[in-house]
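A.B. asks: Mind having a look at this structure? Questions to follow.
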Amino acid sequence: MVKKNKRLALLMVVILMAATTLSCSLLSSPGAGTTSEVTPTPTDFVGSGVATPTDPNDPCANLSGTLELQLLVGPSEAVGLSPYTFATIPFQVVQEGNAYLVTGSGAVDYYEDILTADWGSFAVTFDGVTSVTGDCVSSDETGTLNVLIEMTGQQMIVVTVEGVEYSYPWEGSPQVEATFPLMDGAQVSGEGWLLILHLD
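If you're matching positions, the sequence shown starts at 0 in numbering that gives the first Met the number 0 and goes up one per residue.
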């Protein structure tokens, strides 16, 4: 009995640690994206609001595509559940004055998984929506896509141990900054997330 209680106590400690650290992994390092193709650099831009002709040779002109987000969901991996959910974020680049601005949005796939054991159960649900803003900067025939992705999400962890239920809700709006080369399939990753660029 003592051994069983110690095991349950250890499990609860692991759950609490995972819930508080992994749930907010996106928020912990919003600018930590890295890619082997380019080094992320912040770019200031100001749209003049004055219409200028679109250069058909500019790689940013009329650019569109999707950003695929793979997101680690809370402590799912720590307890042996399927750890990832996904979002597809369509975007387009619109010229505003001399600037090419990025805009788009998409929903995060609803996530639900449950672990059952002799001691009880561990259930995780996650839901969210995303939006993307940023700019596209060209240099000769190449360019970079600088994006800021904001996700509004809600997560609920419900642990049932010997008939007693414990709930651990979380909600927030973490942000991710990433810079891509204009290359289909380019990837940027950080703690708990992976972004893949798909160009139309």
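Where is the CB? At the ideal position from N, CA and C, for every residue including glycine.
Note that the structure is a prediction, hence the values are computed from the model and not measured.
(1) Do the segment 134-147 and the segment 168-184 make contact, defined as three or more Cβ pairs closer than 8 Å?
(2) Within a Cβ cutoff of 6 Å, which residues of the same chain sit near Gly-152, ignoring the five residues on either side of it in sequence?
(3) Measuring only the C-alpha atoms, how far is Ile-72 from Asp-199?
(4) Within a Cβ cutoff of 6 Å, which residues of the same chain sit near Val-78, ignoring the five residues on either side of it in sequence?
(5) Quick check on Ala-185: does DSSP put it in helix, strand or coil?
(6) Would you report the Cα separation of Val-160 and Leu-70, rounded to the nearest angstrom?
(7) Can you tell me whether Val-49 is buried or exposed? The criterion is at least 16 other CB atoms within 10 Å of its CB, across all chains shown.
(8) Rounded to whole angstroms, what is the Cα-Cα separation between Ser-166 and Pro-74?
(9) CB of Leu-196 to nearest heavy atom of the ligand SAM: below 7 Å?
(10) Compute the distance between the beta-carbons of Gly-119 and Val-157, then report whether it is under 8 Å.
(11) Could you tell me which residues DSSP puts in a beta bridge with Ala-60?
(12) Report the option in Ser-81, Gly-191, Asn-56, Cys-135 whose CA atom is closest to the CA atom of Val-123.
(13) Suppose you measure from the CA of Leu-196 to the CA of Val-163; what does that come to, to the nearest Å?
(14) How would you label Tyr-99, buried or exposed, when you count the other beta carbons within 10 angstroms and need 16 or more for buried?
(15) Whole angstroms is fine: what's the gap from Thr-129's alpha carbon to Thr-84's?
C.D. replies: Let's see:
(1) Contact between the segment 134-147 and the segment 168-184 is present: three or more C-beta pairs spanning the two stretches fall below 8 Å.
(2) Taking C-beta separations shorter than 6 Å and ignoring five residues to either side along the sequence, the partners of Gly-152 in its chain run Gly-127, following chain order.
(3) The question names Ile, but residue 72 in the sequence shown is Val. Distance between the alpha carbons of Val-72 and Asp-199: 29 Å.
(4) The beta carbon of Val-78 is closer than 6 Å to those of Leu-114, Phe-121 in its chain, skipping five residues each way along the sequence.
(5) coil
(6) 28 Å
(7) Low confidence applies here, because Val-49 scores a pLDDT of 47, under 50, leaving its location unreliable; read the following figure in that light. When all chains shown are included, Val-49 counts as exposed.
(8) If you take the alpha carbons of Ser-166 and Pro-74, they lie about 14 Å apart.
(9) As far as ligands go, the structure on display features none, and thus does not contain the ligand SAM.
(10) no
(11) None, per the DSSP bridge assignment.
(12) Ser-81
(13) 44 Å
(14) buried
(15) 13 Å
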